[in-house]
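Here's the structure, in structure tokens; my notes come after.
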Amino acid sequence: MSVKTTLLCFSYACSSQSEELTQRVKHSNKILLPPSVLHTINNENAFNSPLFFQIKNLENQMTQVCGMQEFSAPPGVAHVPYHVMESLGIKEGTNVEFELATPVDGMYVKFRLHSSDFADVNDPKAVLERVLSRDYPVITEGHTIAINCAEMNRVFYIDVVETKPAPVIKIINVNINVDFDTPLDYVEPEETLPEPVVNNYVDVSNNVPEYDINRFPGRGHRLGTV
4 MSVKTTLLCF SYACSSQSEE LTQRVKHSNK ILLPPSVLHT INNENAFNSP LFFQIKNLEN
64 QMTQVCGMQE FSAPPGVAHV PYHVMESLGI KEGTNVEFEL ATPVDGMYVK FRLHSSDFAD
124 VNDPKAVLER VLSRDYPVIT EGHTIAINCA EMNRVFYIDV VETKPAPVIK IINVNINVDF
184 DTPLDYVEPE ETLPEPVVNN YVDVSNNVPE YDINRFPGRG HRLGTV
């Protein structure tokens, strides 16, 4: 049976949760819902860990599936990372629909970095795996995720270009093939033209004046004779 509810949506900046919690999840796609939603799930025997919810902006019908952090939001309120709200066009305090979702296990995903500087991170592959497993249990094709890199004190953005076998996939506790598209800031190197060959050969045949045998008329004489 479907578990669906409409709640007022606020970012973590508007939350009364601890600073430690909000800093940990604001760059994820994990949400906070009120305890009443958990009670409904249990009453419907719909609990299946981990839990996922589809968020729908009722004004433009845009959706995204997110992971569940905990059921500690105030009654009638949901807290969602701001970058998720922004991607769906959701404003603070807007009524948003939340519906229990069951994404399929992922088999393949293609990412595209916004900045090639991510390659400067110490062991970028390990960083990406760690952040994804911790902050993004589910991803949606066509959306952008935020990778908080504490090492560089910087947030990197990565587009989810393609997912298989469905547009929404679960990426935890699965074996998944990962591919990367060309970064958005990649610039083709300028073609280097070969240096022109300098011809150092000089044709001297035209530089030697022609000898005129008529310049010195008369007969020749042997030296020492009259």
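Counting along the sequence shown from 1, when you hit position 49 you're at 52 in the working numbering, and nothing is skipped either side. We treat Cβ as the ideally placed atom computed from N, Cα and C, and that holds for glycine. This structure is a prediction, so every number in the text was calculated from the model and none was measured.
query: Give me, in chain order, the residues of the same chain whose beta-carbon lies closer than 6 angstroms to that of L187; leave out the 5 immediate sequence neighbours on both sides.; result: H117
query: Does D138 come out as helix, strand or coil in the three-state DSSP assignment?; result: helix
query: Which residues in the same chain as Q72 place their Cβ atom closer than 7 angstroms to its Cβ, once the five residues preceding and following it in sequence are excluded?; result: V28, K33, I34, L35
query: Secondary structure at M71, three-state DSSP: helix, strand or coil?; result: strand
query: Using a 10 Å radius around the Cβ and a threshold of 16 neighbouring Cβ atoms, would you call S18 buried or exposed?; result: buried
query: Among all the DSSP beta bridges, which residues are the ones paired with T147?; result: D162
query: Sort G145, F121, L24, V83 by Cα distance to A169 and report the nearest one.; result: G145
query: Which word fits D126, buried or exposed, when buried means at least 16 other C-beta atoms lie within 10 angstroms of its C-beta?; result: exposed
query: Counting pairs of Cβ atoms below 8 angstroms between the region 138-156 and the region 179-193, do you hit three or more?; result: no
query: I need the straight-line Cα distance from R137 to T195, nearest angstrom please.; result: 45 angstroms
query: Within 10 angstroms of its Cβ, does G92 collect 16 or more other Cβ (buried), or is it exposed?; result: exposed
query: Who are the near neighbours of Q57 in its chain, counting only those whose CB is closer than 6 angstroms to its CB and skipping five residues on each side?; result: T66, V68, E102, A104
query: At what residues does the beta strand (DSSP E) containing Q57 begin and finish?; result: 55-60
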